[in-house]
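J.:
Number of protein chains: 2
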Amino acid sequence: PLCLCWALLGPAAAAATANIVLLLMDDMGWGDLGALGEPSKETPNLDQMAAEGMLFLDFYTASPLCSPSRAALLTGRLPVRNGFYTTNGHARNAYTPQDIVGGIPDSELLLPELLKKAGYTNKIIGKWHLGHQPQFHPLRHGFDEWFGSPNCHFGPYDNRERPNIPLYRDWEMLGRYYEDFKIDLKTGESNLTQLYLQEALDFISKQQASQQPFFLYWAIDATHAPVYASKQFLGTSQRGLYGDAVREIDDSVGKILKHLQQLGISENTFVFFTSDNGAALISAPKQGGSNGPFLCGKQTTFEGGMREPAIAWWPGHIPAGQVSHQLGSVMDLFSTSLSLAGLQPPSDRQIDGIDLLPVILQGQLIDRPIFYYRGNELMAVRSGLYKAHYWTWSNSWEELGKGIDFCPGQSVAGVTTHTQEEHTYLPLLFHLGRDPGEKYPLSFASEEYQQAMEHISGLVQQHKDTLVPGQPQLNVCDQAVMNWSPPGCEKLGKCLKAPESDPKKCSWPH
Amino acid sequence: PLCLCWALLGPAAAAATANIVLLLMDDMGWGDLGALGEPSKETPNLDQMAAEGMLFLDFYTASPLCSPSRAALLTGRLPVRNGFYTTNGHARNAYTPQDIVGGIPDSELLLPELLKKAGYTNKIIGKWHLGHQPQFHPLRHGFDEWFGSPNCHFGPYDNRERPNIPLYRDWEMLGRYYEDFKIDLKTGESNLTQLYLQEALDFISKQQASQQPFFLYWAIDATHAPVYASKQFLGTSQRGLYGDAVREIDDSVGKILKHLQQLGISENTFVFFTSDNGAALISAPKQGGSNGPFLCGKQTTFEGGMREPAIAWWPGHIPAGQVSHQLGSVMDLFSTSLSLAGLQPPSDRQIDGIDLLPVILQGQLIDRPIFYYRGNELMAVRSGLYKAHYWTWSNSWEELGKGIDFCPGQSVAGVTTHTQEEHTYLPLLFHLGRDPGEKYPLSFASEEYQQAMEHISGLVQQHKDTLVPGQPQLNVCDQAVMNWSPPGCEKLGKCLKAPESDPKKCSWPH
């Protein structure tokens, strides 16, 4: 009701094939934006984007780790449904390192595949992360163009034990990180964000000239360790290298929005900014961001691991300065984008995303839960302002002993546990309005607890009763599938010899 | 340099006797404003005030506790100079409970005393907290009018062992809390903020009508435990009762600003919003606020205890949407107010505050340190982005054992210590840009440490060499001095019999 403050925008609201630009950050935290209280306040363009559009304060990813989160965004489905999870251990976060055998199943329908039916041209710039074997290539799953890499920009590797990660243009590799696309780990210098920016601007210009609707998925990774920034941004932030990367991204977002305006297509282009998971506090302070007032970070199902910065921008359609407390999810970007294209979501499978256009255009609030998964386990559920933890786990004592800490400086007794603690019979319940930091579990004996849990229990029962888990894609690893000889390598003299196949269960410690 | 983006505002900038409105909150934290990332974002009027004025992100109080902070604001001097500290124990926070014998010394020159010389009418609304014995009465220290109380609104008391706290109008008491001015501890209902708002609006109207410059010190206390809100605000916040109080304050600030605009005097009225110390995390979640991403809260010299929300607003003088990283202090409000009145600060004593008008009107950045005191000890110093801790202490193990925790859910090894740890020979150094949460001390061996500490050591040496401590006012307590028979009590039949005088050292556990 707080947001029911403008009239229905008739024809504009009904634009049938708006362009779609999804700006997906990597490991950027809720607290990294000036508009969300980062004390250095160095994101003038993102703050302006929020001031001109709608800022979502309760927006979530579908997994506290990168690959499952991205698979969920593009399928509109929880990772446990689309296969982006593991059964190698209980409640383990898994992703797609370059020895992963699995990837996005052909049976999954990705957003770009569906948008093609409405005449969209689809481009992914940046990190794909849904598998790098040939059958998982983004151009086999609906994208028309690609400039970016299949895996994280880790390295440099030796090209003997482990090949360097390739960058693709469309079907073929262009080169490899550290060899052809430099990242200086000492200084943090790399011009990759500038390359990704130019690709975005060029694609937008081309599509505007051809008068064809487009979907641009700008999945850049400068804020994922090893964090990098271009020379002109190095040393410009109060926050060190991580802040330099944020400043360059902020500047780039500003340039993309300005480009849309200068081409006269901003009123026909829906732009959404968010991130794939919470800030990686293990990399802090030099390589990690901020989750503001929230508990813990990436890898955990506390708010710091899964609540994301989120801004919708669409001049002429979204009135300036809106704020929404709609519980949102990256999976909603699937359903919302289909709606923008005048398409229906597939009816032959469970879709977890919802169409946010009534929220964005009419200020509605839609009652829906948020499910917090870690691998194959439903760890927590949010409904309204209540969040129930069915399992708690930060990481193991063993990992903590190695200095791996997902909650540095934070410790809430019985909550940030270092053994997997089951609470399925008596969940830990928090009121996120009074206690956004998840520090004060409600009394089990309180009436408030009873009432809230009665409701949430029903949601969980319904969810579990209807859940059909997908085939887990992240169980098997094999050195032979690494990026030894990506397509196009022969033209560049960049083919490497793969070892014998030796598939093994992947090890997922978290 | 970030802010040097507008030209000198000629005649407007030189307005000689602008009205001054200081809005001082009680225990409100840096993270309580939507504009600073409170996730419920329920402060539209304060966010708008920031958007129309200048938001200070690095603004500090002079003490992590109420009385010393307020004494510092009104004298422009550190509590260790103006006497608002104790020597009963090392590094103890002391304040003015109703058995305190001391108060503001006559030798101190308060802001309203000085403003009188420029023809200002001065009013304090709300909490005085600089002593309640007759010689400390605000109307003896420069204020012309008072509506409020000398002490915190704790209670209810029995009027036998301990009298209820009186509310004054000017020289005489009007009644007592819980008796004549209700605070319902069960529901949190009290209409005090509405009374304080009406007093402010009426005073402003009266002054506007008489064409006389005024200083309004609006020191309300709804966000200090026991937290309260008026009926119309109860239950309106996602954040519970604390949020209800914040919403009512936000609404009231909006009404004050609007009133100035409607009377046509907003361009001749300088308004500053801030708080007396960090959020009281001991009272969280129902009665305490948020310090955002900062460490610990009230009572500590970590950022959560002393960094404050701060907004300057002066339409026609401060361009909209300014952000400043000037290191500011509540003591600067003394010097800045004098400057607004065309007065010079006293030259016969050390003044710690600086005139912020060059910052506010011309976007300058003035190099100056921030000193973090706890009682009689210099605990930490900030210069630029570096903060050096010379002593660390959260609270004692004994107090912690009683459940008193100033850093709930937070624990940084070697930093949030429960014994007073001396680091004077090798201070703990933090870079607050990269690490606003004070979690990662810099390596003692690093060049960065050496360079930063060389500079800070010089500042500390200079500070200590020239420091002349005031006579400590907060050492002696006596039941006989409590509010038994405040002036005016006889008219109301509210006089109580005082016990025999029995002065003792006050006990300050923190």
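Respectively, the protein sequence lines represent chains A and B.
Per full-length UniProt numbering: the first sequence = residues 1 to 510.
Per full-length UniProt numbering: the second sequence = residues 1 to 510.
Positions of the beta carbon are idealized from the N, C-alpha and C atoms, including for glycine.
As the structure is a prediction and not an experimental result, all values here were calculated from the model.
#1: Spatial neighbours of Lys505(A) within its chain, please: C-beta separation below 8 Å, excluding the five flanking residues on both sides.
#2: Using the beta-carbon count (16 or more within 10 Å), is His455(B) buried or exposed?
#3: So, for Val101(B): in the same chain, excluding its five sequence neighbours on each side, which residues have a beta-carbon less than 7 Å away from its beta-carbon?
#4: Decide if Gly292(B) is buried, meaning its Cβ has at least 16 other Cβ atoms within 10 Å, or exposed.
#5: Excluding five sequence neighbours on each side, which residues of the same chain lie with their C-beta closer than 8 Å to the C-beta of Thr424(A)?
#6: When DSSP builds the beta bridges, which residues end up paired with Trp146(B)?
#7: If contacts are defined as beta-carbon pairs under 8 Å, then Gly155(A) and Ile165(A) qualify, I think. What distance do you get, rounded to the angstrom?
#8: Using the C-alpha atoms, what's the distance from Leu340(B) back to Thr17(B)?
#9: Would you please verify whether the beta carbon of Ser275(B) is less than 8 Å from any beta carbon of chain A?
#10: Would you give the residue range spanned by the alpha helix (DSSP H) that Gly304(A) belongs to?
#11: Could you tell me which residues DSSP puts in a beta bridge with Ile20(A)?
#12: At 7 Å on the CB atoms, spell out the chain E contacts of Pro436(A), in chain order.
#13: Am I right that Gln48(A) and Asn483(A) are in contact with their C-beta atoms under 8 Å? What's the rounded C-beta distance?
#14: May I have the straight-line CA-CA distance separating Gly288(B) from Tyr85(A), to the nearest angstrom?
#15: Quick one: which unbroken beta strand (DSSP E) runs of 3-plus residues sit fully inside the region 54-96 of chain B? Chain order, please.
#16: For a test of the three-state rule: what should DSSP assign to Gly175(B), helix, strand or coil?
#17: What are the complete beta strand (DSSP E) segments, minimum 3 residues, inside the region 245-331 of chain B?
#18: Would DSSP call Lys505(B) helix, strand or coil?
#19: So the beta strand (DSSP E) Thr372(A) belongs to, where does it begin and stop?
#20: Under 8 Å between C-beta atoms, does Val271(B) make it to chain A?
#21: Does the contact criterion of 3 or more C-beta pairs under 8 Å hold for the region 347-361 of chain A versus the region 412-419 of chain A?
#22: Using a 10 Å radius around the Cβ and a threshold of 16 neighbouring Cβ atoms, would you call Leu142(A) buried or exposed?
#23: With respect to the alpha helix (DSSP H) encompassing Leu429(B), which residues constitute its N-terminal and C-terminal limits?
#24: Helix, strand or coil, according to DSSP, for Phe181(A) in the structure here?
#25: Just to confirm my understanding: we take Pro486(A), look at its own chain, exclude 5 residues before and 5 after, and list those with CB closer than 6 Å. What are they?
#26: Given that Arg239(B) touches chain A, what residues does it touch there, using C-beta distances under 7 Å?
#27: Suppose you measure from the CA of Ala50(A) to the CA of Ile311(A); what does that come to, to the nearest Å?
#28: Look at the alpha carbon of Gly131(B) and the alpha carbon of Asp106(B), and state the distance between them as a whole number of angstroms.
#29: Below 7 Å between beta carbons is the criterion; list the residues of the region 30-63 of chain B that meet it against any residue of chain A, in chain order.
#30: Buried or exposed: where does Thr43(A) fall if 16 or more other Cβ atoms within 10 Å of its Cβ makes it buried?
#31: Measure the alpha-carbon distance for Met25(A) versus Ala200(B) and round it to whole angstroms.
#32: Give the DSSP-derived three-state secondary structure of Gln410(B) in the structure shown.
#33: Determine which residues of the region 209-229 of chain B have a Cβ less than 9 Å from any Cβ of chain A, and write them out in chain order.
#34: Helix, strand or coil, according to DSSP, for Val359(A) in the structure here?
#35: Name the DSSP beta bridge partners of Ala222(A), please?
#36: Helix or strand or just coil, what does DSSP make of Glu189(A)?
T.: Working from what's here:
#1: Reading the first sequence from its first residue, position 505 is the one you call residue 505(A). Closer than 8 Å at the Cβ level, and outside the excluded window around Lys505(A), lie Asn88, Asn475, Val476, Cys477.
#2: Position 455 of the second sequence holds residue 455(B). It is exposed - the Cβ of His455(B) has fewer than 16 other Cβ atoms within 10 Å.
#3: Your numbering for residue 101(B) matches position 101 in the second sequence. If we look at Val101(B) and ignore the five residues flanking it on each side, its Cβ neighbours are Val476, Cys477, Asp478, Val481, Pro503.
#4: Residue mapping note: residue 292(B) aligns to position 292 of the second sequence, counting from 1. Its Cβ being crowded by 16 or more others within 10 Å, Gly292(B) is buried.
#5: Residue numbering aside, residue 424(A) sits at position 424 when the first sequence is read from its first letter. So the list reads Tyr390, Trp391, once near-sequence residues are dropped.
#6: Counting from one through the second sequence, the residue named residue 146(B) turns up at place 146. Beta-bridge pairing links Trp146(B) to Ile124(B).
#7: Counting from one through the first sequence, the residue named residue 155(A) turns up at place 155. Counting from one through the first sequence, the residue named residue 165(A) turns up at place 165. Rounded, the Cβ-Cβ distance is 6 Å, consistent with contact.
#8: Here residue 17(B) is taken as the residue at index 17 of the second sequence, counted from 1. Here residue 340(B) is taken as the residue at index 340 of the second sequence, counted from 1. Roughly 6 Å between the two C-alpha positions.
#9: What you label residue 275(B) is simply residue 275 of the second sequence in a count that begins at 1. Taking Cβ atoms only, chain A never reaches closer than 8 Å to Ser275(B), which makes this a no.
#10: Here residue 304(A) is taken as the residue at index 304 of the first sequence, counted from 1. Per DSSP, Gly304(A) belongs to the alpha helix (DSSP H) from 303-306.
#11: Sequence index remark: in the first sequence, residue 20(A) carries index 20 (1-based). Looking at the DSSP assignment, Ile20(A) forms a beta bridge with Phe215(A), Phe270(A).
#12: Of the chains in the structure shown, none is chain E; the protein chains are A and B.
#13: For the purposes of this step, residue 48(A) is taken as residue 48 along the first sequence, with counting starting at 1. For the purposes of this step, residue 483(A) is taken as residue 483 along the first sequence, with counting starting at 1. 39 Å between Cβ atoms; not a contact.
#14: Stepping through the second sequence from its first residue, residue 288(B) is reached at position 288. Stepping through the first sequence from its first residue, residue 85(A) is reached at position 85. Looking at the two C-alpha atoms, the distance is approximately 40 Å.
#15: 54-60
#16: Reading the second sequence from its first residue, position 175 is the one you call residue 175(B). In the structure shown, Gly175(B) sits in a strand (DSSP, three-state: E or B).
#17: 269-275, 307-313, 322-324
#18: Reading the second sequence from its first residue, position 505 is the one you call residue 505(B). Strand, per DSSP.
#19: Sequence index remark: in the first sequence, residue 372(A) carries index 372 (1-based). The residue asked about is misnamed: residue 372(A) is Tyr in this sequence, not Thr. 370-374 is the span of the beta strand (DSSP E), which, as asked, contains Tyr372(A).
#20: Stepping through the second sequence from its first residue, residue 271(B) is reached at position 271. Taking Cβ atoms only, chain A never reaches closer than 8 Å to Val271(B), which makes this a no.
#21: no
#22: Looking up residue 142(A) in the first sequence gives position 142. Note on identity: in this sequence residue 142(A) is Gly, with Leu being the wrong assignment. Answer is buried; the Cβ neighbour count reaches 16.
#23: The count along the second sequence starts at 1 and reaches residue 429(B) at position 429. It is not in any alpha helix (DSSP H) - Leu429(B) instead sits in the beta strand (DSSP E) that spans 428-431.
#24: The residue given as residue 181(A) occupies position 181 in the first sequence. Looking at Phe181(A) - three-state DSSP - the assignment turns out to be strand.
#25: By one-based count along the first sequence, residue 486(A) stands at place 486. Taken in chain order, the residues that qualify are Pro166, Met173.
#26: As a first step, residue 239(B) is located in the second sequence; it is residue number 239 there, counting from the start. The contacting residues are Gly433, Arg434.
#27: Within the first sequence, residue 50(A) is the residue found at index 50, counting from 1. Within the first sequence, residue 311(A) is the residue found at index 311, counting from 1. Computed Cα separation, rounded: 6 Å.
#28: Taking the second sequence and counting its residues from 1, one reaches residue 131(B) at position 131. Taking the second sequence and counting its residues from 1, one reaches residue 106(B) at position 106. About 12 Å.
#29: Gly31, Leu36, Gly37, Pro39, Ser40, Lys41, Leu57
#30: Here residue 43(A) corresponds to residue number 43 of the first sequence, with the count starting at 1. Its Cβ being crowded by 16 or more others within 10 Å, Thr43(A) is buried.
#31: Reading the first sequence from its first residue, position 25 is the one you call residue 25(A). Reading the second sequence from its first residue, position 200 is the one you call residue 200(B). Answer to the nearest angstrom: the Cα atoms are 47 Å apart.
#32: Locating residue 410(B) in the second sequence gives position 410, counting from the first residue. Correct three-state label for Gln410(B): strand.
#33: none
#34: If you number the first sequence from 1, residue 359(A) lands on position 359. Helix at Val359(A).
#35: On the first sequence, residue 222(A) is found 222 positions in, with the first residue counted as 1. None, per the DSSP bridge assignment.
#36: Counting from one through the first sequence, the residue named residue 189(A) turns up at place 189. Glu189(A) falls in the strand class under three-state DSSP.
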